[in-house]
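The structure appears right after this line, and notes come after that.
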Amino acid sequence: MEKKNIDWGSLGFGYMATDKRYVSNFKDGKWDDGALIDDPNIVMNECAGVLQYSQSVFEGLKAYETEDGHIVCFRPDLNASRMADSAARLEMPVFPEDRFVEAVKQVVLANEAWVPPYGSGATLYIRPYMFGSNPVIGVKPADEYQFRILVTPVGPYFKGGAKPIKIKIADYDRAAPRGTGHIKAGLNYAMSLHAIVEAHKQGFAENLYPDSRTRTLVEETGGANIIFVKGNKFITVKSPTILPSITRRSLEYVAEKYLGMEVEEREIPLTELPEFEEAGLCGTAAVISPVGMIVNGDQEIAFPSGMEQMGPKIQKLYDTLTGIQMGRLEAPEGWICKIK
Ligand code: PLP
Ligand code: COI
């Protein structure tokens with residue numbers, strides 16, 4: 004299989020249409036058989052539920068070429084089950100979880116030439132998504148839906164890759180206490196756009212949202228969970244209003260079982276931030292992006308790991324996680340889904 008002629012090492016996190024995408028339609032109460040198609044464009048009615056009331060959910064995972072030349076993806080069963088939770092919360096039908104995993108495999112295989120080579124620094128980003136497709140004008144769930152998966156080769160999510168970023172405590176709220184913060188719905192990202200544009204203008208890479216109810220606890224950023232290191236402790240946020248990151252849950256296991264760290268998943272008050280030694284954002288797109296500084300109003304919290312490189316413990320977590328994903332280290336049972 005000849006790879007596409009792409010300068011893999013200089014890819015950013017962007018979209019590029021590849022050869023094939025997967026589509027399945029839900030109509031009259033059932034999903035059709037699904038198929039791989041060529042056309043990257045979607046034609047739908049002007050009044051489609053997704054266009055009027057934003058009824059859409061999505062997922063994100065990656066395919067990797069391993070050191071020994073296989074193609075794998077990482078824990079796709081967890082993306083399937085999270086998408087089922089997201090769909091249920093928005094009154095959408097669930098795309099069967101076993102079919103989700105099969106469709107991921109099919110679409111990656113059909114775009115094998117787009118899977119970045121091992122060691123290139125790039126990966127194939129996989130974006131499953133679903134939306135209400137029939138006309139809806141009164142506020143109610145659609146009756147018809149489309150489930151699709153597109154793939155696109157990507158490089159680092161944040162410019163500079165492994166260089167620490169500076170983030171700010173958001174001026175806005177992300178997730179209401181009984182809202183939709185825990186699911187992966189387009190609406191959560193639409194409402195973060197104004198905040199991210201403002202943060203970028205002010206020189207920050209991301210917003211760190213506090214909890215909306217008290218604005219005293221750390222939650223997560225617009226597109227990643229946050230992780231901290233203090234001594235031998237790996238500390239993450241416990242909150243019902245953050246997205247349950249698959250990367251973060253995996254890192255908790257890696258920290259304990261591979262690196263012998265003590266893992267704490269708990270509430271983290273903003274006032275504790277200055278006590279941490281290292282911080283990072285974790286997610287499929289972000290992998291682990293080190294955070295060098297968090298700015299809260301006029302308070303600057305600079306972590307001892309600095310603005311030049313990842314702290315030593317975050318580096319170990321990064322090396323171990325990516326080692327597992329790319330086949331350099333033995334993975335826990337069931338984490339690696341072999342595609343080829
Ligand atoms: N939090 C938010 C808001 C996200 O958009 C993402 C990205 O998927 C994550 C966290 C990280 O989740 P995961 O590690 O499952 O990709
Ligand atoms: C991912 O990490 O897969 C996401 O969906 C985050 C998004 C902000 C790119």
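For what it's worth, our numbering labels the leading residue of the sequence shown as 4, then goes sequentially. Yeah, the Cβ is synthetic: ideal placement off N, Cα and C, and Gly gets one too.
Distance between Val107 and Arg331 (C-alpha atoms, nearest Å): 23 Å
Beta-carbon contacts of Ala202 that lie in its chain and below 7 Å, excluding the five residues immediately before and after: Lys171, Glu209, Asn210
Rounded separation between Trp338 and Cys76 - CA only: 8 Å
Whole beta strand (DSSP E) elements within the region 296-337, 3-residue minimum: 302-305
Beta-carbon separation (whole angstroms), Gln55 vs Val139, contact threshold 8 Å: Indeed they touch by this definition, with Cβ atoms about 6 Å apart.
Beta-ladder partner(s) of Pro156, from DSSP: Leu127
CB of Tyr18 within 8 Å of CB of Pro96, strictly: no
Gly337 beta carbon near the ligand COI (any heavy atom closer than 7 Å): It does not: the Cβ of Gly337 is nowhere closer than 7 Å to a heavy atom of the ligand COI.
Reference Glu68, options Glu94, Pro335, Arg78, Leu127, closest by Cα: Leu127
Given 8 Å, three or more beta-carbon pairs between the region 143-162 and the region 182-197: no
Check: Ser215 C-beta below 7 Å from any heavy atom of the ligand PLP: no
Assigned exposure category for Cys285 - 16 Cβ within 10 Å defines buried: buried
Cβ separation of Ala188 and Leu93, assumed to be a contact under 8 Å, to the nearest whole Å: Their Cβ separation, rounded to whole angstroms, is 6 Å, which keeps Ala188 and Leu93 in contact under 8 Å.
Glu62, enclosing alpha helix (DSSP H) - first and last residue: Taken as a continuous stretch (DSSP letters only), Glu62 belongs to no alpha helix (DSSP H), as it is neither H nor E.
CA nearest to the CA of Asp35, picked from Gly163, Leu324, Arg151: Arg151
Ser123 to Ala145 span [Cα, whole Å]: 42 Å
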